[in-house]
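Notes to accompany the following structure.
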Amino acid sequence: MLTNRSKVMEKKQMTLAERLYLPAIAGGMSITFRHIFKKKATVQYPEQLRPIAPVYRGHHVLKRDEAGAERCTACGLCAVACPAEAITMTAAERKKGEENLYREEKYAAVYEINMLRCIFCGLCEEACPKEAIFLTDRIIPSNYGRNGFVFGKDKLVETMENPVDVTRRQTPAMLEFKKDKFHQHNVTIKDLIDLDEH
Amino acid sequence: MTVLIFKIILVLSVFGITMLIAMYSTWAERKLSAVMQDRVGPNRAGPLGLLQPLADGIKMFTKEELIPQGSNRFLFIIGPGIAMLTALITGAVIPWGGDVNIGGESFALQITDINIGVLYLFGVVSVGVYGIMIGGWASNNKYSLLGALRASSQMISYEIAMGFSIIAMVMMTGTLSLREIVAQQDAGLANVAYQPLAFLIFMICAFAETNRAPFDLPECETELIGGYHTEYSSMKLGLFLFAEYINMFISSAIMVSFFWGGYNFPFQHELGLSPNALATVQTVVFFGKVFAFIFLFMWVRWTLPRFRYDQLMNLGWKVLLPLSLLNIFLTGVVMYLTGKLN
Chain A
45 MLTNRSKVME KKQMTLAERL YLPAIAGGMS ITFRHIFKKK ATVQYPEQLR PIAPVYRGHH
105 VLKRDEAGAE RCTACGLCAV ACPAEAITMT AAERKKGEEN LYREEKYAAV YEINMLRCIF
165 CGLCEEACPK EAIFLTDRII PSNYGRNGFV FGKDKLVETM ENPVDVTRRQ TPAMLEFKKD
225 KFHQHNVTIK DLIDLDEH
Chain B
261 MTVLIFKIIL VLSVFGITML IAMYSTWAER KLSAVMQDRV GPNRAGPLGL LQPLADGIKM
321 FTKEELIPQG SNRFLFIIGP GIAMLTALIT GAVIPWGGDV NIGGESFALQ ITDINIGVLY
381 LFGVVSVGVY GIMIGGWASN NKYSLLGALR ASSQMISYEI AMGFSIIAMV MMTGTLSLRE
441 IVAQQDAGLA NVAYQPLAFL IFMICAFAET NRAPFDLPEC ETELIGGYHT EYSSMKLGLF
501 LFAEYINMFI SSAIMVSFFW GGYNFPFQHE LGLSPNALAT VQTVVFFGKV FAFIFLFMWV
561 RWTLPRFRYD QLMNLGWKVL LPLSLLNIFL TGVVMYLTGK LN
């Protein structure tokens with residue numbers, strides 16, 4: 045009572061109008077009637093897509109270079125950076141005559157991302173020194189089984205016919221960030237100690 | 261002979277129209293509930309989802325049919341049949357429009373004009389509860405039994421107030437024939453202007469009799485799973501649900517006939533229409549009024565929450581019954597004072 049803010053609740057007898065309930069019912073019905081003309085919240089999904097934020101991180105893509113060779117060298121930095129341990133890969137050596145398929149001497153024979161484990165944080169993208177992996181604005185489709193969510197190279201690598209645009213993820217700030225080694229998460233403890241001593 | 265052919269055509273068309281309206285009531289119900297909740301509702305099966313009732317029907321027919329082991333097989337099967345039958349035969353006494361003239365003969369757009377039409381309606385409606393009761397009891401399931409018990413006690417309680425509200429009306433009109441009641445409303449105002457209280461009581465009771473929200477206790481999903489139709493599957497469930505929509509249509513038609521002038525509309529004789537054209541317009545007007553009531557039924561369902569059981573009984577016995585008795589008394593007093601009591 046000192047602050048004058050406490051509300052005194054009193055249980056008073058209902059008036060006749062309140063006990064009749066009919067005015068209250070009419071009030072409720074007017075609310076539902078007004079809702080008939082309100083704008084609907086539904087998005088007709090397959091035909092109509094919800095607007096996606098410019099920073100949206102979805103389905104990963106493994107990029108090819110201009111000549112169509114895979115950029116990934118299976119260095120494993122993305123797998124190390126991944127906090128959810130969703131990425132696995134098997135490296136292989138490029139044979140003679142495969143120069144048009146793989147950009148460097150080493151490549152990923154198997155590259156799998158478990159989309160159920162992935163938290164879409166984008167650290168793989170930051171870790172990649174070869175500009176090979178990017179997150180895109182595509183949505184992971186639903187599936188009936190868990191195995192269907194382990195995406196191999198067939199689903200991850202872009203085709204030359206349908207190149208995936210990732211310029212949105214390659215902002216100047218991002219490129220600058222990638223140059224600065226000490227901001228990267230793959231920095232070792234020894235690097236940090238070295239930095240401290242300077 | 262022509263009368264017989266005309267009546268057969270009328271019976272078949274009333275049956276067909278009733279089924280069609282019940283079918284599209286399910287669609288309208290889903291669409292209306294959706295727009296009232298800021299959703300879109302069925303829109304995939306055909307334009308605006310208009311083929312949805314058809315898809316639902318096909319689904320119902322092709323679903324597996326289960327009859328529980330401990331159930332009374334015979335009663336279990338005839339339960340939904342009775343519910344459907346009683347829902348359909350009430351349409352026989354409703355006047356759908358004025359007289360039509362075919363080949364010099366005049367036919368009334370009513371299947372049969374029995375002079376105790378009101379009593380017939382009440383009789384059939386009381387039998388209607390047997391479908392639910394038998395179905396619920398024969399399921400041998402405690403939820404079904406509870407739903408059936410609730411349905412029967414609810415229907416018996418509300419039938420009394422419903423009957424009394426109509427008695428006041430019958431005192432005023434002096435007839436039990438529906439055609440007569442509708443014809444009396446041709447000149448002057450509709451009955452609702454003289455008997456607003458009776459209309460209100462009748463409408464509330466009609467909501468209770470058709471087991472519609474806020475009186476849908478016999479089938480309340482939250483506490484009784486599905487109430488009396490818990491154990492039903494396939495088209496037998498479909499018949500129960502369908503019967504509810506037919507009941508809704510028929511009780512709308514009854515309310516329109518009793519209180520809202522039936523097929524009459526203002527200045528109908530000043531338009532100078534031929535009898536057949538007039539009858540057509542009258543039928544359209546009648547269905548327009550009925551659809552308005554069906555809309556009201558759905559509107560109330562998607563607005564009000566369900567009553568608690570004791571509230572339901574309190575409303576029926578302690579509020580509606582005394583009010584309807586008061587209404588009879590008031591009607592009598594007014595009739596005596598205006599010298600209409602003879």
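Chain order of the listed sequences is A and B. Letter 108 of the first sequence, counting from 1, is numbered 152 in the working numbering, and no numbers are missing. Letter 177 of the second sequence, counting from 1, is numbered 437 in the working numbering, and no numbers are missing. Note that CB positions come from ideal geometry on N, CA and C, so glycine has one too.
If we count the other Cβ atoms within 10 Å of its Cβ and call it buried at 16 or more, is residue i buried or exposed?
i: B/Gly364; result: exposed
i: A/Tyr146; result: buried
i: B/Ile426; result: buried
i: B/Lys600; result: exposed
i: B/Arg472; result: buried
i: A/Tyr261; result: The requested residue 261 of chain A does not occur in the structure, where chain A is confined to residues 45 to 242.
i: B/Gln312; result: buried
i: B/Lys323; result: exposed
i: A/Val105; result: buried
i: A/His103; result: buried
i: B/Leu369; result: buried
i: B/Pro340; result: buried
i: A/Thr117; result: buried
i: B/Pro355; result: buried
i: B/Pro582; result: exposed
i: B/Gly532; result: exposed
i: B/Ile281; result: buried
i: B/Met422; result: buried
i: B/Asn451; result: buried
Taking the alpha carbon of residue i as the reference point, which residue from the options has its own alpha carbon closest?
i: B/Met429; options: B/Asp373, B/Arg299, B/Gly521, B/Leu556; result: B/Gly521
i: B/Phe518; options: B/Leu533, B/Val593, B/Met463, B/Gly388; result: B/Met463
i: B/Gly548; options: B/Phe266, B/Lys496, B/Arg333, B/Met515; result: B/Met515
i: B/Pro535; options: B/Thr350, B/Ile362, B/Arg439; result: B/Ile362
i: B/Arg410; options: B/Val387, B/Tyr488, B/Ala368, B/Ile506; result: B/Tyr488
i: B/Met573; options: B/Ser404, B/Ile416, B/Thr262; result: B/Ile416
i: B/Phe546; options: B/Thr286, B/Leu264, B/Ala294, B/Gly357; result: B/Gly357
i: A/Val210; options: A/Gly189, A/Pro98, A/Met159; result: A/Pro98
i: B/Ala343; options: B/Gly448, B/Leu449, B/Lys291, B/Ile394; result: B/Ile394
i: A/Gly120; options: A/Ala217, A/Ala113, A/Ala130; result: A/Ala130
i: A/Lys107; options: A/Ile177, A/Gln214, A/Asn191; result: A/Ile177
i: B/Leu270; options: B/Tyr492, B/Gly351, B/Leu538; result: B/Gly351
i: B/Ser511; options: B/Ser412, B/Ala288, B/Phe551; result: B/Phe551
i: B/Met283; options: B/Ser413, B/Glu325, B/Met320, B/Ser584; result: B/Met320
i: A/Ile163; options: A/Gly141, A/Lys197, A/Leu200, A/Ala125; result: A/Ala125
i: B/Ser331; options: B/Glu530, B/Trp397, B/Ser413, B/Gly448; result: B/Trp397
i: B/Val389; options: B/Leu292, B/Tyr403, B/Glu440, B/Glu419; result: B/Glu419
i: B/Gln571; options: A/Arg63, A/Lys56, A/Arg49; result: A/Arg63
i: B/Leu335; options: B/Lys496, B/Ala513, B/Ala537, B/Phe553; result: B/Lys496
i: A/Met204; options: A/Pro173, A/Lys139, A/Glu110, A/Glu175; result: A/Glu110
i: B/Lys291; options: B/Met279, B/Thr278, B/Ala305; result: B/Ala305
What are the partner residues of residue i, as DSSP defines its beta bridges?
i: B/Ser256; result: Shown here, chain B extends from 261 to 602; a query on residue 256 of chain B therefore has no answer.
i: A/Val201; result: A/Leu106
i: A/Asn187; result: Answer is none; A/Asn187 lacks a bridge partner.
i: A/Ile157; result: A/Ile131, A/Phe195
i: A/Ala151; result: First, the amino acid is wrong: residue 151 of chain A is Tyr here, not Ala. A/Tyr151 pairs with A/Ala136.
i: A/Glu114; result: A/Arg108, A/Tyr146
i: A/Ile177; result: A/Leu106
I believe residue i touches residue j by the beta-carbon criterion, under 8 Å. Please report the beta-carbon distance rounded to the nearest angstrom.
i: B/Ser301; j: B/Gly309; result: Reading off the sequence, residue 301 of chain B comes out as Gly, not Ser. B/Gly301 to B/Gly309, Cβ: 7 Å. Contact.
i: B/Ala506; j: B/Leu348; result: Strictly speaking, residue 506 of chain B in this sequence is Ile, with Ala absent from that position. Between B/Leu348 and B/Ile506 the Cβ distance is about 6 Å, and since that is below 8 Å, they are a contact.
i: B/Ser366; j: B/Thr490; result: That belief does not hold up - the Cβ atoms of B/Ser366 and B/Thr490 are roughly 50 Å apart, past 8 Å.
i: B/Phe263; j: B/Ile371; result: Correcting the residue identity first, residue 263 of chain B is Val in this sequence and not Phe. Not quite, the Cβ-Cβ distance comes to about 12 Å (not below 8 Å), so this is no contact.
i: B/Pro328; j: B/Asn401; result: 7 Å
i: B/Val360; j: B/Leu438; result: Not a contact, Cβ separation roughly 18 Å.
i: A/Asn144; j: A/Ala171; result: Rounded, the Cβ-Cβ distance is 27 Å, inconsistent with contact.
i: B/Met508; j: A/Ile80; result: Contact doesn't hold; Cβ gap of about 19 Å is too wide.
i: B/Asn524; j: B/Gln445; result: 6 Å
i: A/Glu169; j: A/Arg213; result: 7 Å
i: A/Asn158; j: A/Val194; result: 5 Å
Nearer than 6 Å: is that true of the beta carbon of residue i relative to any heavy atom of the ligand GDP?
i: A/Ile163; result: Among the components modelled here there is no ligand, and therefore nothing to report on the ligand GDP.
**Asked** Does the stretch 419-439 of chain B come within contact of the stretch 488-508 of chain B, defined as at least 3 CB pairs closer than 8 Å?
**Response** No, because fewer than three Cβ pairs between the stretch 419-439 of chain B and the stretch 488-508 of chain B fall closer than 8 Å, the two stretches do not touch.
**Request:** May I ask you to verify whether the stretch 569-578 of chain B touches the stretch 441-461 of chain B, counting CB pairs closer than 8 Å and requiring at least 3?
**Result:** no
**Asked** Any contact of the stretch 553-563 of chain B with the stretch 467-475 of chain B, i.e. 3+ C-beta pairs under 8 Å?
**Response** yes
**Prompt:** Does the count of Cβ pairs from the stretch 180-190 of chain A and the stretch 141-152 of chain A closer than 8 Å reach three?
**Reply:** Contact fails between the stretch 180-190 of chain A and the stretch 141-152 of chain A, because fewer than three Cβ pairs, one in each stretch, are under 8 Å apart.
**Prompt:** Quick one: any contact between the stretch 538-545 of chain B and the stretch 374-383 of chain B, if contact means 3 or more CB pairs under 8 Å?
**Reply:** no
**Prompt:** With a cut-off of 8 Å, do at least 3 Cβ pairs link the stretch 476-488 of chain B to the stretch 391-407 of chain B?
**Reply:** With the rule of 3 Cβ pairs closer than 8 Å, the stretch 476-488 of chain B counts as touching the stretch 391-407 of chain B.
**Request:** State whether the stretch 152-172 of chain A contacts the stretch 121-139 of chain A, with contact taken as three or more CB pairs (one from each stretch) at a distance under 8 Å.
**Result:** yes
**Request:** Pair every Cβ in the stretch 582-596 of chain B with every Cβ in the stretch 563-573 of chain B, then say whether three or more of these pairs are closer than 8 Å.
**Result:** no
**Asked** Given 8 Å as the limit, is there contact between the stretch 282-301 of chain B and the stretch 76-91 of chain A, that is, 3 or more CB pairs closer than that?
**Response** yes
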